[in-house]
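See structure below.
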Amino acid sequence: MNKKFAFTLLVFSIFQLGRCLYEDQIGKFDWKQNYLGKLKFSRIDSKSAIKRIVVATEENIVASLALRTGDIAWRHILERGDQGIIQLLHTDSEVVTVAGTGPFIVREWSINSGFLINEWTIQSEKSDKIKWAAYQRKLYQINIKTTKSIDIIVYSINSNAQVTSYSLPVDAADISGFVLSGLNIFYITSSGKLASLSILGGSEVLQMELPGPVTNIDSVDSSNDISSISLTINNKKIVVAKVGNSLKVLQYDINVKTGLSVQTLPNDDYFLLESQQTKGSLDITGTLFEGGTPNYQALSGRASHNFSLADADISSALCVSRKDKTVACQMLLSAEDSAIVFVHTPDKVIWVREEALASIITTDTLDLPVSDIEAAIEKEFDNKETVVDLGFSYSCFGMFIRRVASQLMQLQSFILSLVNLRGLANNAEGRADLVRDQFGLHKMIVAVTSVGKIFGIDNFSGETVWQVLLKDVVPYITVDKPHIPFYVQRTTRFFPLPAQCSLLFKHKVTGEGVLYVFDPITGLSLDGDMVRLGYHVKQTLLLHILSEDSLKGIVLIDDKNQVHIYPESTKSAVLEVAKSTYFFLADPSVGDLTGYTLSYSTNEKLISTPIWEVKLNQKITHVVGKNSIEKVHSQGRVLGDRSVLYKYINPNLIAVATQIEDPIHKNVLSVYLIDAVSGSIIFSTVQKRATEPIHIVHSENWLVYSYFSDKTRRTEVATFELYEGKVQSNTTAFSSMSSLMLPMVERQAYILPAGVEAMKETITEKGITSKHVLVALNNGGVLEVPWMFLDPRRSVTITPELREEGVIPYIPELPVPAEAIINYNQTMLRVRGIHTAPSGLESTCLVFVYGLDLFYTRVAPSKTFDMLKEDFDFALITVVLLALSISAYVTKKLSSRKALNQAWK
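The sequence shown lines up with residues 1276 to 2180 when you count with my numbering.
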């Protein structure tokens, strides 16, 4: 019996292995990077055997980092929104967190493993004036009310219950600024004094005169036995600490961007630690206080990194004194660009975590430049260029000089590669390994984050090649979502001209438009610094034609509907296509859309003229157009009777989703398909009791959108296909003005047994490969759904014609097979978006999933029909071809000899 059971178990285990991803394929074409978000609280653990850094972030995450590498040891993602906001992080023998805004959830975690030990809820009214502190296994809830007191409620972490409550004799109406540091409350009185008292009670209120009005009060990282704050007065910081029963100023006239920390040394001396950014490095200084007065500077150094470091605050620090009376510190810094920096004083940066990558808003994928040899060949056969350097015109002798120069460059590259100095050879853009490969799979991912930091990422390895931080800029808010327009004005194919991209930001202070023009391969600015436009931008669009310098111009519309061009050198190209240039503006709050044209422009001035207006009278939540680089290969669909159903392919079609509250149906979702040139509503549909999250994919002649149904409490997916019919109206080019007939609409709805975080369609170079829809699920998987499952022509009863066409029977629920999860066990939570890009292979689509984490992979919707498999037997095919060639040659000889013999007979 045991043998039969063992044999059965072995058989089933083999079947299970057959569904898995092979071990040698993991990480071969994909990679994943985990992030935490901007740092909020941190503690350097010095008590446990395994040294860790425990952190809490603004993404509602509590995690533990390895002290030496910065790798994530464990991570827990709490609830979204207000319910998961971390209010307190306390470390002792275990990690204690308090999350929420009322009620509050208290959790206790194992500091080594991250296991949840305990969880309980504190019922409380919602308030943003509640602060939390922990001391000796007790939680202190500090609540400032409008009454003449500050209420303190004490809870026991061991018993999960309230222990006591009391009030502090403070007039809450007299408080103009309030901060909690350690176990002490600091606040500014109405008379401008600094006051402090302990939350433990039983102590008097300490007060101190200030040299001027306070514009900001903030807590400073301190040891457990000391409380300190920083006050901003006259654009300078002063540091105040509570020493015994008095308030003392430790330092005056500190730069407002300086990071501060006050630590207690073993001999009860105080140590003030300062960090300030200077030219991309961090200047670190430390002042020792003996008996409450500054004695001498016990620490000084400058820490630098491969990339420039931004201004940073000291989140936590741990200091020890040495025998030579110097002080050594470990510091964890939270930079303004969301980076987490761990430093060993005096000048050693141990590691840096680029947490800005957890807040990507816009991304694009660009081709890499050609190699030195390919660039030399292109220059050699470029008929438009002349050999300017040597003074020869384009003639036979000039071509000979080009050939010699090209081959000398190739010889130089070959010699350098032999002596392992290939990295020193200059390629078209700098790094030798960043060159275009044969199949167009190697690309540069440009990611733009909400903090204004831009990253250039190698899609093969996930390595950050370059990064740039733009200051005083913020994203635009489009339909309640952050948005940064990203335009590729020139790609790398126009050698020797560099690639050029532009990003449009909004200035943080003035709100005016700011352009950053850069080379996407190196990250270097191509127009000096950022370009201040001097006006508010309402709409932008990228031209589809090239100027004389192979550049696409950007059309910008200001708040007065005036038209601007960047750069000015592309104005002539804009004037050429002005009569066929249309755009629209949307007011999401009232649901108005207005279409404009540049047809009435003159040679001196571009003029925008309104030509149509649509009033939906509903709040617009989504406006989705088609991918600008999308190519449609097939104009129709072959039916079972061999006739053709032609697709309604309108490049000017946009999908507009609106939501409105209804007294009967609660939430009503409406989806409109509008021609952006003529303003015609091509199609509209209504979904009752449908709410967020809503995601829309618009491509070719079809539309897919998902929503949450309040009625059935599930996620549903609706699909539409638009057809002209069996007669095509125009076989050459589509025109919104001449197309009068409304298209036929096929529709269907499905059930998706999981929540949706993001959706995106695959895209390939020629559009021949079948379209699949990538769906990021809330369980962490990224599902690849073939279009055959979403086909709106699926019917319950399949006719022979539909079966001949390949349409499968209709089943309401969409399958979620494990083999269709493209990220296998690499869980992707809180996905913000999916970016797809074509490769040089028609079968392959490049996929970049971003959100809290990053994931990159390739997909082949129609399998890799244009690429040989890795296990292809080259030796066998070589032998076969060689044998066939020899056989053909021998057969030819024998045949000619036979013909000759027959001719002599």
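Think of the CB as a built atom: it goes at the ideal place given N, C-alpha and C, for glycine as much as any other residue.
- Residue environment: lysine 2180 is assigned as exposed (fewer than 16 neighbouring CB atoms within 10 Å of its CB, all protein chains considered).
- Glutamine 1837 sits in coil when the DSSP states are folded into three classes, being neither helix nor strand.
- Under DSSP, lysine 1315 takes part in no beta bridge, so it has no partner.
- DSSP assignment within the region 1879-1917 yields the following whole beta strand (DSSP E) runs of 3 residues or more, N-terminal first: 1884-1890, 1894-1899 and 1911-1913.
- Classified as buried, glycine 2056 has 16 or more neighbouring CB atoms from the shown chains inside 10 Å of its CB.
- When the alpha-carbon of glycine 2030 is set against those of Ala2024, Glu2036, Ser1609 and His1970, the nearest one is in His1970.
- Nearest C-alpha to leucine 1801 among Leu1881, Thr1994, Ser1777 and Glu2021: Ser1777.
- At the C-beta level, leucine 1860 and leucine 1873 stay beyond 8 Å of one another.
- A distance of 8 Å or more separates the beta carbons of valine 1943 and isoleucine 1949.
- Rounded to whole angstroms, the Cβ separation of aspartate 1305 and threonine 2132 is 4 Å, and the two are in contact under 8 Å.
- Inclusion of isoleucine 1924 and valine 1899 in the CB contact set at 8 Å is not warranted, their separation being larger than that value.
- As a beta-bridge residue in DSSP terms, tryptophan 1384 pairs with Val1370 and Leu1391.
- Secondary structure note for valine 1784: it is in no beta strand (DSSP E), with a DSSP letter that is neither H nor E.
- Closest option to glycine 1519, judged by alpha-carbon separation, among Thr1553, Thr1490, Glu1549 and Asn1459: Asn1459.
- Contact check for serine 1442 against isoleucine 1425 passes: the beta carbons are separated by less than 8 Å.
- The Cβ neighbour count for phenylalanine 1793, taken over all protein chains shown within 10 Å, is at least 16; the residue is labelled buried.
- About 4 Å separates the CB atoms of proline 1863 and isoleucine 1895; that is less than 8 Å, so the two are in contact.
- Taking one beta carbon from each stretch, the region 2083-2091 and the region 2157-2164 have fewer than 3 pairs nearer than 8 Å; the two do not touch.
- The beta carbons of lysine 1307 and phenylalanine 2123 sit no closer together than 8 Å.
- Counted as a single uninterrupted DSSP element, the stretch harbouring lysine 1517 is not any alpha helix (DSSP H) but the beta strand (DSSP E) occupying residues 1511-1518.
- Fully enclosed alpha helix (DSSP H) runs of no fewer than 4 residues occupy 2062-2065 and 2075-2080 of the region 2037-2094, in order along the chain.
- Taking threonine 1739 as reference, the option from Ile1796, Phe1780, Leu1779 and Leu1772 with the minimal CA-CA separation is Ile1796.
- Separation of the CB atoms of isoleucine 1504 and isoleucine 1463 is rounded to 10 Å, and the pair is thereby denied contact status at 8 Å.
- Note on glycine 2126: 16 or more other CB atoms within 10 angstroms of its CB, so buried under the neighbour-count rule.
- Here DSSP, grouped into helix, strand and coil, assigns threonine 2153 to helix.
- DSSP, reduced to helix, strand and coil, places serine 2137 outside both helices and strands of the structure shown, so it counts as coil.
- Going by beta carbons, valine 1992 and leucine 2089 fall inside the 8 Å limit.
- The DSSP-derived three-state label of methionine 1674 is helix.
- By the criterion of at least three beta-carbon pairs nearer than 8 Å, the region 2108-2119 is in contact with the region 2039-2055.
- DSSP places aspartate 1346 outside both helix and strand once states are collapsed to three, so it counts as coil.
- Look at threonine 1856 here: in three-state DSSP terms it is coil, with no helix or strand label.
- About 6 Å separates the Cβ atoms of serine 1974 and glutamate 1905, confirming a contact at the 8 Å cut-off.
- If you check the CB distance, alanine 1573 and threonine 1539 do not come in under 8 Å.
- C-alpha of proline 2028 to C-alpha of arginine 1989: approximately 7 Å in a straight line.
- In chain order, Leu1342 place their CB closer than 6 Å to the CB of lysine 1326, counting only its own chain and leaving out the 5 sequence neighbours on each side.
- Excluding sequence positions up to five before and after threonine 1366, its CB lies within less than 7 Å of the CB of Arg1318, Asp1320, Val1329 and Ile1386, all in the same chain and listed in chain order.
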